[in-house]
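Q: Okay, here's the structure, questions in a sec.
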Amino acid sequence: MPLVHNCIAGTRHSLLIVLGLIMIMANCGQAMRQQAVAVRGQLRCGNRPASGVKVKLWDEDDGPDPDDVLDEAFTDSSGSFQMGGSTRELTNIDPVLKIYHDCDDGIMPGQRKVKLRIPSQYITNGGLARRTFEVGVLNLETIFAGEERDFI
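Those letters in the sequence shown? Residues -31 to -1, 1 to 121, by mature numbering (1 follows the signal peptide of the UniProt record, and there is no 0).
Written out as structure tokens, the structure reads:
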């Protein structure tokens, strides 16, 4: 009989652990805050508008949490773009604007990739950004520090 009693006690203990983990996970889900960011600007390649350039708004995460694409678009005929997005995170999001282009690139394979960090004061709690980070007019002939190549 003690063996049956130990088995039942072990099952109860396991059930309590599982229920406890479910409660912890539910609380973590509630602790994750909805955060939003928005950005706009105009891209040029020398004295011409950089139209049709791919721009993406990312939340870059450290550790095992994958980066999140918040929004993506292409610049219009004047080289302008405007976008925004939101995500849920436990900590503050780390928004980054990535620009993929071929300005002043010759026949190099892939595209030049520029990353611009968006200041934290432009992050809004909630699903809609209340402020928009204005990048201004960027000439993509510029060689940006930390510029990379993207082959996708």
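We put the CB at the ideal spot given by N, CA and C, even for glycine.
Would you report the Cα separation of ARG99 and PHE50, rounded to the nearest angstrom?
A: Taking the straight line joining both Cα atoms gives about 18 Å.
Q: Classify ASN5: buried if its beta carbon has 16 or more other beta carbons within 10 angstroms, exposed otherwise.
A: The sequence given here has Ala at residue 5, not Asn. Looking at its Cβ environment, which holds 16 or more other Cβ atoms inside 10 Å, ALA5 is buried.
Q: My parser needs the beta strand (DSSP E) runs of 3 or more residues fully inside the stretch 30 to 96; what are they?
A: 37 to 43, 49 to 58, 64 to 70 and 80 to 86
Q: Tell me which residues share the same chain as GLY96 and place their Cβ nearer than 8 Å to its Cβ, disregarding the 5 neighbours each side in the sequence.
A: GLN3, ALA5 and SER55
Q: CB ASP31 to CB LYS82, shorter than 9 Å?
A: no
Q: For the putative contact between GLY48 and ARG9, defined by C-beta atoms under 8 Å, what is the C-beta separation to the nearest angstrom?
A: For GLY48 against ARG9, the beta-carbon gap comes to about 12 Å, at or over 8 Å, which does not count as contact.
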